[in-house]
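Just so we're aligned, residue 33 is where the sequence shown starts under this note's numbering, counting upward by one. We put the CB at the ideal spot given by N, CA and C, even for glycine.
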Amino acid sequence: MKWLTLVFITLSTLTYAQNAPKPYGALPSKRQLAWHNLEVYGLIHFTPTTFENKEWGFGDADPKAFNPTDFSAEQIINAAKAGGLKGIILVAKHHDGFALWPTKTTEYNITKSPFRNGKGDLVGEIEQAARKAGLKFGVYCSPWDRNNALYGTDKYLAIYQAQLKELYSNYGELFMSWHDGANGGDGYYGGAKEKRSIDNTTYYDWTNTWAITRKMQPMANIFSDIGLDIRWVGNEDGHAAETSWATFTPMAPDGKNVAVPGQANYPQSPEGIRNGKFWMPAECDVPLRKGWFFHNSEQPKTPEKLFDLYLKSVGRGAGLDLGLAPDTRGQLHDDDVLALKTFGNMVKNTFAQNLAKGAHITASNTRGKNYTAINLLDANKQSYWATMDKNHNATLEIDLKNIKTFDIVSLQEYIPLGQRIEAFNIEIFENNSWKKIYEGTSIGAKRLIKLDQPVTTKKVRINITKSQVCITLSAFGLYKKSL
Ligand code: FUL
Numbered sequence: 033m034k035w036l037t038l039v040f041i042t043l044s045t046l047t048y049a050q051n052a053p054k055p056y057g058a059l060p061s062k063r064q065l066a067w068h069n070l071e072v073y074g075l076i077h078f079t080p081t082t083f084e085n086k087e088w089g090f091g092d093a094d095p096k097a098f099n100p101t102d103f104s105a106e107q108i109i110n111a112a113k114a115g116g117l118k119g120i121i122l123v124a125k126h127h128d129g130f131a132l133w134p135t136k137t138t139e140y141n142i143t144k145s146p147f148r149n150g151k152g153d154l155v156g157e158i159e160q161a162a163r164k165a166g167l168k169f170g171v172y173c174s175p176w177d178r179n180n181a182l183y184g185t186d187k188y189l190a191i192y193q194a195q196l197k198e199l200y201s202n203y204g205e206l207f208m209s210w211h212d213g214a215n216g217g218d219g220y221y222g223g224a225k226e227k228r229s230i231d232n233t234t235y236y237d238w239t240n241t242w243a244i245t246r247k248m249q250p251m252a253n254i255f256s257d258i259g260l261d262i263r264w265v266g267n268e269d270g271h272a273a274e275t276s277w278a279t280f281t282p283m284a285p286d287g288k289n290v291a292v293p294g295q296a297n298y299p300q301s302p303e304g305i306r307n308g309k310f311w312m313p314a315e316c317d318v319p320l321r322k323g324w325f326f327h328n329s330e331q332p333k334t335p336e337k338l339f340d341l342y343l344k345s346v347g348r349g350a351g352l353d354l355g356l357a358p359d360t361r362g363q364l365h366d367d368d369v370l371a372l373k374t375f376g377n378m379v380k381n382t383f384a385q386n387l388a389k390g391a392h393i394t395a396s397n398t399r400g401k402n403y404t405a406i407n408l409l410d411a412n413k414q415s416y417w418a419t420m421d422k423n424h425n426a427t428l429e430i431d432l433k434n435i436k437t438f439d440i441v442s443l444q445e446y447i448p449l450g451q452r453i454e455a456f457n458i459e460i461f462e463n464n465s466w467k468k469i470y471e472g473t474s475i476g477a478k479r480l481i482k483l484d485q486p487v488t489t490k491k492v493r494i495n496i497t498k499s500q501v502c503i504t505l506s507a508f509g510l511y512k513k514s515l
């Protein structure tokens with residue numbers, strides 16, 4: 033009897049131990065998980081505004097002004113690809129209202145320009161080039177339209193929705209539908225040249241407008257300053273806060289009304305909200321140059337700066353959306369091409385070799401044979417190390433077997449089960465004792481910790497010090513920044 037009981041207890045413990053942990057809090061959807069995999073993508077601004085050398089077109093530019101001398105979608109896309117970008121969003125219509133595709137919704141469109149003798153479709157050309165290069169494609173269609181005579185009246189929403197429907201119908205599967213918060217103000221408005229204000233809580237009927245997105249493009253992540261799928265990080269400088277939660281609860285500034293684009297709760301956007309109601313990771317959008325549109329007087333950011341932004345966006349569980357501005361030829365400037373390529377190589381070379389590969393990892397607790405620490409080094413996001421339900425903190429001791437020098441530590445949670453870890457620290461073994469080199473909070477999809485100086489050691493310890501539930505981690509890496 034005694035033995036039988038023991039066998040029964042052992043068997044049930046083993047079976048129990050091998051069940052996956054229960055999910056915690058808000059969880060990412062399938063489309064958000066696909067977005068997390070992209071990490072870095074681009075946002076192209078190229079409209080008559082480029083030819084006016086402005087940032088916001090008034091809506092009165094002659095369509096004939098849109099006349100690139102040597103447009104090449106391939107040149108732009110290839111430069112983006114060399115920069116390591118995995119997707120491209122095209123501003124199909126900016127605030128100036130000029131549609132870059134042959135739309136039926138407005139006369140103010142590309143067919144009225146000399147581009148491809150009035151037979152062009154720039155959305156189609158960029159989409160095709162992106163797909164050919166293996167990049168995902170998305171669109172930005174500005175709700176604010178400074179050209180349209182009907183903007184501000186109750187007839188405009190149908191036009192905007194019809195534009196979205198055209199874009200959702202004709203350019204394949206989209207990974208993102210980007211919606212800007214800039215709204216209302218002065219504009220050309222069919223010649224009225226006046227100021228038109230709208231109530232952004234009701235004017236675009238976002239609930240029903242976004243229902244169109246969901247129905248026609250179920251894999252398109254809806255971006256706006258308040259979410260729905262991806263939230264704006266609250267600045268256009270390209271970085272999230274050091275503590276960065278993927279969860280968020282959008283709030284109108286008064287704390288009562290339903291939040292809509294154009295009125296995000298900005299103070300909490302960079303950091304997110306721990307245990308927020310929704311999985312709503314941040315996108316860090318930042319132009320490669322100073323402005324979103326090309327201006328000859330501006331320079332692209334240096335590859336060093338871009339790498340730093342990468343660490344502070346992707347390395348904080350967010351996405352990096354890099355603004356690309358073709359010049360009046362319709363190509364990216366040589367300086368931009370070089371900056372992208374050098375940055376792309378830095379990321380590629382730095383992360384090519386995980387210095388922890390082949391290490392021996394001892395975990396203070398393990399859930400069972402499917403969840404061992406070996407999973408941390410197999411470069412497979414689907415496998416992960418997990419602790420037993422009752423173990424909310426744990427230590428991983430990593431024996432590198434040989435002395436290694438590194439300056440970046442990488443950690444990834446298994447996010448399909450939610451963002452679980454709330455605090456951790458890193459130690460290295462130096463002069464016969466453990467020395468703490470970093471203390472942090474959030475991990476999420478990816479956490480890259482850049483050390484001020486490279487460290488040299490044979491042993492590393494990761495201590496997960498706070499979590500409300502058992503722990504999951506899918507990857508651990510040590511890297512040395514290289515050019
Ligand atoms: C902003 C817009 O007003 C800018 O013109 C640009 O398109 C940027 C990406 O979003 O809010």
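Which of the three DSSP states, helix, strand or coil, is assigned to residue i?
| i | result |
| --- | --- |
| residue 208 | strand |
| residue 186 | coil |
| residue 499 | strand |
| residue 299 | helix |
| residue 42 | Note that residue 42 scores a pLDDT of 46, beneath 50, so its modelled location is shaky; the value from the coordinates is reported in the next line. Reduced to three states, the DSSP call for residue 42 is helix. |
| residue 110 | helix |
| residue 432 | strand |
| residue 176 | coil |
| residue 147 | helix |
| residue 246 | helix |
| residue 235 | coil |
| residue 269 | coil |
| residue 369 | helix |
| residue 78 | coil |
| residue 340 | helix |
| residue 259 | coil |
| residue 47 | With a pLDDT of only 45 at residue 47, under the threshold of 50, the placement of this residue in the model should not be trusted; the figure read from the coordinates follows. DSSP places residue 47 in helix when its eight states are reduced to three. |
Looking only at its chain, what residues have a beta carbon closer than 6 Å to the beta carbon of residue i, apart from the 5 residues adjacent to it on each side?
| i | result |
| --- | --- |
| residue 347 | 480 |
| residue 162 | 109, 120 and 169 |
| residue 373 | 114 |
| residue 319 | 355 |
Exposed or buried, residue i, counting other C-beta atoms within 10 Å across all chains shown (16 or more means buried)?
| i | result |
| --- | --- |
| residue 290 | exposed |
| residue 298 | exposed |
| residue 440 | buried |
| residue 263 | buried |
| residue 435 | exposed |
| residue 392 | exposed |
| residue 151 | exposed |
| residue 45 | Residue confidence is low: residue 45 scores 47 on pLDDT, short of 50, so the model does not pin down where it sits. Its coordinate-derived value is still stated next. Exposed is the call here. |
| residue 185 | exposed |
| residue 411 | exposed |
| residue 452 | buried |
| residue 478 | buried |
| residue 486 | exposed |
| residue 506 | buried |
| residue 359 | buried |
| residue 246 | exposed |
Which value, in whole angstroms, describes the spacing of the CA atoms of residue i and residue j?
| i | j | result |
| --- | --- | --- |
| residue 210 | residue 244 | 14 Å |
| residue 366 | residue 70 | 25 Å |
| residue 181 | residue 138 | 10 Å |
| residue 363 | residue 164 | 18 Å |
| residue 378 | residue 423 | 38 Å |
| residue 389 | residue 449 | 25 Å |
| residue 559 | residue 426 | Since the first residue of the chain shown is 33 and the last is 515, residue 559 is not available in this structure. |
| residue 79 | residue 300 | 33 Å |
| residue 271 | residue 334 | 16 Å |
| residue 517 | residue 484 | Lying before the first or after the last residue shown, residue 517 is absent from the chain, which here runs from 33 to 515. |
| residue 429 | residue 386 | 16 Å |
| residue 317 | residue 352 | 6 Å |
| residue 276 | residue 101 | 44 Å |
| residue 95 | residue 143 | 9 Å |
| residue 227 | residue 286 | 26 Å |
Leaving out the 5 sequence neighbours to the left and right, which residues in its chain are closer than 8 Å to residue i when beta-carbon positions are compared?
| i | result |
| --- | --- |
| residue 156 | 133, 202 and 203 |
| residue 381 | 514 and 515 |
| residue 241 | 189, 192, 193 and 196 |
| residue 84 | 93 and 97 |
| residue 179 | 91, 92, 128, 129, 130, 138, 140, 219, 220, 221 and 222 |
Within a Cβ cutoff of 7 Å, which residues of the same chain sit near residue i, ignoring the five residues on either side of it in sequence?
| i | result |
| --- | --- |
| residue 173 | 124, 125, 195, 196 and 199 |
| residue 403 | 416, 417 and 418 |
| residue 420 | 49, 397, 399 and 502 |
| residue 269 | 318 |
| residue 117 | 72, 73, 74, 167 and 354 |
- Item | Residue ranges of each beta strand (DSSP E) within the segment 371-424, 3 or longer | 392-395
- Would you list, in sequence order, the uninterrupted alpha helix (DSSP H) runs of no fewer than 4 residues that lie entirely inside the segment 429-494? none
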